[in-house]
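Residues in the sequence shown are numbered from 1 upward in steps of one, following the UniProt record's numbering. Think of the CB as a built atom: it goes at the ideal place given N, C-alpha and C, for glycine as much as any other residue. Before any comments, here is the structure.
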Amino acid sequence: MIYFRYGRLNKDGELGPGRVSYIVVVDEVVVVSKQDEQEIIPLLTILSIDAVSYTIKVTITYQVFDVVQAVTSVMDYKNALKLICGCLVRDACGFRTFDTVRTNQKEIEKDIEKDLAIITQSWYFYLL
Numbered sequence: 001m002i003y004f005r006y007g008r009l010n011k012d013g014e015l016g017p018g019r020v021s022y023i024v025v026v027d028e029v030v031v032v033s034k035q036d037e038q039e040i041i042p043l044l045t046i047l048s049i050d051a052v053s054y055t056i057k058v059t060i061t062y063q064v065f066d067v068v069q070a071v072t073s074v075m076d077y078k079n080a081l082k083l084i085c086g087c088l089v090r091d092a093c094g095f096r097t098f099d100t101v102r103t104n105q106k107e108i109e110k111d112i113e114k115d116l117a118i119i120t121q122s123w124y125f126y127l128l
């Protein structure tokens, strides 16, 4: 749980579990889970180099390890993660032929994971 007063981060930073009292008009409390979370990206329609259109369903599993930095470094980290992952999947699969995508799925998956880990490292996530 993160506690903001007048839009600024409170000096305590991250609050532990339990009851928290706050003033509704002045304070804002943001709750972030430190457990493993899954985000499902809606079906992505991709056009390959050989003009074949196909759809891909992507699931991301991640864990936030620094709640304060995750909330303050990106405005909406869940939506940002979905958009970045969608762009990386389109980029990785769009420059290959359909047969290459089908046969080299593990290689493409590792490339996407590597690129996504580099981008989200500053957002204080672990990709699982």
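| Asked | Found |
| --- | --- |
| Beta-carbon gap between Asp-115 and Leu-88 smaller than 7 Å | yes |
| Contained alpha helix (DSSP H) runs [length at least 4] in the UniProt domain "Band 7" (2 to 117), N- to C-terminal order | 67 to 73, 77 to 94, 98 to 103 |
| Bridge-paired residues (DSSP) for Leu-127 | Tyr-62 |
| Contact between the segment 7 to 18 and the segment 33 to 51 (3+ Cβ pairs under 8 Å) | no |
| Distance between Tyr-77 and Ser-122 (C-alpha atoms, nearest Å) | 11 Å |
| Exposed unless 16 or more other CB atoms sit within 10 angstroms - verdict on Leu-47 | exposed |
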